[in-house]
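Going down the list, the sequences are from chains A and B.
Each residue of the first sequence is one higher than the one before, starting from 1 at the first, in this note's numbering.
Each residue of the second sequence is one higher than the one before, starting from 1001 at the first, in this note's numbering.
Where a beta carbon is used, it is the ideal one built from N, C-alpha and C, also for glycine.
Protein chains: 2
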Amino acid sequence: MKKQKLEFYKSLGLKLTPQRLAIIEYLEGNKEHPSAEDIYNALKPKFPSMSFATVYNTLEILVKKGLIKELNVESTRKRFDPSTHPHHFFCKRCKKVIDVDNQINISVPEQLKGFDIEDIQIIFYGLCSECKSESK
Amino acid sequence: MKKQKLEFYKSLGLKLTPQRLAIIEYLEGNKEHPSAEDIYNALKPKFPSMSFATVYNTLEILVKKGLIKELNVESTRKRFDPSTHPHHFFCKRCKKVIDVDNQINISVPEQLKGFDIEDIQIIFYGLCSECKSESK
DNA sequence: CTAAATTCTTGGACATTTTAAAAAATTTAT
DNA sequence: ATAAATTTTTTAAAATGTCCAAGAATTTAG
């Protein structure tokens, strides 16, 4: 990883341990929206001793720092997005998550005027093109 | 419950057991977006022998029949909505879910053109007015 | 460079939500 | 009322996520 990035993470008050760096690198530019288990499995060969707690701890702190986003597209498990795309498609068959990069301008409805809205997410549910043709 | 409604549920091929009717009645007009546990706890006094499995079985079949909606606003548990509101607000503090009844017209983006979109949900995350003032 | 302070990792136990399977009970249709 | 079909119950366990204490590693300060 580049020095510049290391400095960036340090400046956030993060101790840069090998496991942490590996998780950060794994997430960088990753479009798969991996679950904690995905990350754990992917890094286990390199860090056989790493525990699930480390993955969860790191993800939690990255979410807190605003560097990644936690998605609730799937009801049973969290998925993580290193990008800041607010909108997603979820395929109910293959469980794939796709960033939906649209310019929908959603205004907060009257009903929520006294509220503190921090985030707006749109989720499109259905079948992706592959699963759609397979299920015919 | 009225005869008309009983007939309606029968016509869907549902067997109307006391537990099932109680769950259906509990959900009807309910604005709380209860979790399975909420439902279980609410009906336990009337049906002390009812198990969690019954609640889950009934919810599953109601979702399949399209009578209720499963919400993934919270990462740890499913919430259920007897209405067909597609959009919701979730308070990250008190976990309250509110139906957002707006007329937002979302067009499916180009990117998803070959897909089979079955549902579009908007979720507003933040603090409700009560929690907002409390946290000041 | 070294020591101190802080934070992180590990490993296991634990909690919660959900699913599964088999036997017993209930409902529906005849 | 009887038989067939489905549902409920019970028990167990899967799946995901959380917590804790001890030891290890990293960073900071000197």
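Inset, instruction - Within its chain, find whatever has a CB closer than 8 Å to the CB of A/Leu27; leave out the 5 residues flanking it on each side and keep chain order. - result: Numbered from its first residue, the first sequence carries residue 27 of chain A at position 27. The answer, listed in chain order, is Pro34, Ile39, Leu62, Ile68, Phe80 and Pro82.
Inset, instruction - Counting only the same chain and skipping the five closest in sequence on each side, list residues whose C-beta sits under 7 Å from that of A/Tyr125. - result: Taking the first sequence and counting its residues from 1, the one referred to as residue 125 of chain A is at position 125. For A/Tyr125, where only same-chain residues beyond five positions count, the Cβ hits under 7 Å are Phe90 and Lys92.
Inset, instruction - With distances taken Cα to Cα, identify the nearest neighbour of A/Asp116 among B/Gln1111, B/Asp1119 and B/Cys1131. - result: Within the first sequence, residue 116 of chain A is the residue found at index 116, counting from 1. Nearest to A/Asp116 by alpha-carbon distance, out of B/Gln1111, B/Asp1119 and B/Cys1131, is B/Cys1131.
Inset, instruction - Can you check the stretch 1032-1075 of chain B for any alpha helix (DSSP H) of at least 4 residues that lies completely inside it and give the ranges in chain order? - result: The stretch 1032-1075 of chain B contains these whole alpha helix (DSSP H) runs: 1036-1043 and 1052-1064.
Legend entry - Closest residue to B/Gln1019 among B/Lys1095, B/Ala1042 and B/Gly1029 (Cα-Cα distance): Your numbering for residue 1019 of chain B matches position 19 in the second sequence. Comparing Cα positions, the closest option is B/Ala1042.
Inset, instruction - Compare the C-beta of B/Pro1109 against all C-beta atoms of chain A and say whether one is closer than 7 Å. - result: Residue numbering aside, residue 1109 of chain B sits at position 109 when the second sequence is read from its first letter. Interface residue, yes.
Legend entry - Contacting positions in the stretch 1125-1136 of chain B - beta carbon closer than 7 Å to chain A: So the close ones are Tyr1125, Gly1126, Leu1127, Cys1128, Ser1129 and Lys1132.
Inset, instruction - Going by CA-CA distance only, name the one from B/Glu1074, B/Glu1007 and B/Tyr1056 that's closest to B/Lys1095. - result: Stepping through the second sequence from its first residue, residue 1095 of chain B is reached at position 95. Of B/Glu1074, B/Glu1007 and B/Tyr1056, the residue nearest in Cα terms is B/Glu1074.
Legend entry - Integer Cβ distance of B/Ala1036 from B/Lys1078, believed to fall under 8 Å: Translated into the one-based positions of the second sequence, residue 1036 of chain B becomes position 36. Translated into the one-based positions of the second sequence, residue 1078 of chain B becomes position 78. Contact annotation, B/Ala1036 with B/Lys1078: C-beta distance approximately 7 Å; criterion of less than 8 Å satisfied.
Legend entry - Chain-ordered neighbours of A/Phe52 on chain B, where CB pairs are closer than 7 Å: Taking the first residue of the first sequence as 1, we reach residue 52 of chain A at position 52. Near A/Phe52 there are no residues of chain B at all, since even the closest Cβ is about 16 Å away, more than 7 Å.
Inset, instruction - Compare the beta carbon distance of B/Ile1122 and B/His1087 with 7 Å and say whether it is the shorter of the two. - result: One-based indexing of the second sequence puts residue 1122 of chain B at position 122. One-based indexing of the second sequence puts residue 1087 of chain B at position 87. Cβ distance < 7 Å, so B/Ile1122 and B/His1087 count as in contact.
Inset, instruction - Give a yes or no on whether 7 Å exceeds the smallest Cβ distance from A/Phe115 to chain B. - result: Start at 1 with the first residue of the first sequence, and residue 115 of chain A comes out as number 115. Cβ-Cβ to chain B under 7 Å: yes for A/Phe115.
Legend entry - As assigned by DSSP and simplified to three states, the class of B/Gln1121: What you label residue 1121 of chain B is simply residue 121 of the second sequence in a count that begins at 1. Looking at B/Gln1121 - three-state DSSP - the assignment turns out to be strand.
Inset, instruction - Return no unless some Cβ of chain A is closer than 7 Å to the Cβ of B/Asp1119. - result: Taking the second sequence and counting its residues from 1, one reaches residue 1119 of chain B at position 119. Put simply, the CB of B/Asp1119 is near chain A, with a gap under 7 Å to one of its CB atoms.
Inset, instruction - Would you verify that the beta carbon of A/Phe80 is, or is not, closer than 7 Å to some beta carbon of chain B? - result: One-based indexing of the first sequence puts residue 80 of chain A at position 80. No, A/Phe80 lies away from the interface with chain B (no Cβ there is under 7 Å from its Cβ).
Inset, instruction - Show which residues of chain A have a CB atom less than 7 Å away from the CB atom of B/Glu1037. - result: By one-based count along the second sequence, residue 1037 of chain B stands at place 37. Neighbours of B/Glu1037 on chain A: none; closest Cβ ~14 Å, over 7 Å.
Inset, instruction - For A/Asn102, decide whether its Cβ has a neighbour in chain B, counting only Cβ atoms nearer than 7 Å. - result: Counting from one through the first sequence, the residue named residue 102 of chain A turns up at place 102. Yes - at least one Cβ of chain B is within 7 Å of the one on A/Asn102.
Inset, instruction - Name, please, each residue of chain A whose Cβ falls closer than 8 Å to the Cβ of B/Ile1068. - result: Sequence index remark: in the second sequence, residue 1068 of chain B carries index 68 (1-based). When 8 Å is used as the limit between beta carbons, B/Ile1068 is near no residue of chain A, the shortest such separation being about 14 Å.
Legend entry - Short Cβ contact (7 Å threshold) for A/Ile23 with A/Thr58: The residue you call residue 23 of chain A lines up with position 23 of the first sequence. The residue you call residue 58 of chain A lines up with position 58 of the first sequence. Result yes, Cβ atoms of A/Ile23 and A/Thr58 sit closer than 7 Å.
Inset, instruction - Determine the burial state of A/Leu127: buried for a count of at least 16 other Cβ atoms within 10 Å of its Cβ, exposed for fewer. - result: Here residue 127 of chain A refers to the residue found at position 127 of the first sequence. It is buried - the Cβ of A/Leu127 has at least 16 other Cβ atoms within 10 Å.
Inset, instruction - Under 8 Å between beta-carbons, which chain A residues line up against B/Ser1083? List them in chain order, please. - result: Translated into positions along the second sequence, residue 1083 of chain B becomes position 83. Here the premise fails: no neighbours, minimum Cβ distance about 14 Å.
Legend entry - Contact with chain A by B/Ile1024, beta-carbon distance below 7 Å: Your numbering for residue 1024 of chain B matches position 24 in the second sequence. Taking a beta-carbon distance threshold of 7 Å, B/Ile1024 does not count as an interface residue toward chain A.
Legend entry - Residues near B/Asp1101 by beta carbon distance below 8 Å, same chain, minus five either side: Stepping through the second sequence from its first residue, residue 1101 of chain B is reached at position 101. For B/Asp1101, the CB contacts under 8 Å within the same chain, skipping 5 residues up- and downstream, are His1085 and His1087 in chain order.
Inset, instruction - Measure from the C-beta of A/Phe89 to each C-beta in chain B and report whether the shortest distance is under 7 Å. - result: Working through the first sequence from its first residue, we reach residue 89 of chain A at position 89. Using a CB distance cut-off of 7 Å, A/Phe89 counts as an interface residue toward chain B.
Legend entry - Beta carbon proximity, A/Ile123 to chain B, threshold 7 Å: Sequence index remark: in the first sequence, residue 123 of chain A carries index 123 (1-based). For A/Ile123, the answer is yes, since a Cβ of chain B falls inside 7 Å of its Cβ.
Inset, instruction - Quick one: list the residues of chain A neighbouring B/Val1073, beta-carbon separation under 9 Å, in chain order. - result: Looking up residue 1073 of chain B in the second sequence gives position 73. Chain A residues near B/Val1073: Asn72.
Inset, instruction - Report yes if the C-beta distance between A/Asn72 and B/Asn1072 is below 7 Å; otherwise report no. - result: Mapped onto the first sequence, residue 72 of chain A falls at position 72. Mapped onto the second sequence, residue 1072 of chain B falls at position 72. For the 7 Å CB-CB criterion, A/Asn72 and B/Asn1072 form a contact.
Legend entry - Residue from A/Gly66, A/Lys2, A/Leu16 and A/Ser135 with nearest C-alpha to A/Thr54: The residue labelled residue 54 of chain A in the question sits at position 54 within the first sequence. Ranked by how close their Cα comes to the Cα of A/Thr54, the residues A/Gly66, A/Lys2, A/Leu16 and A/Ser135 have A/Leu16 in first place.
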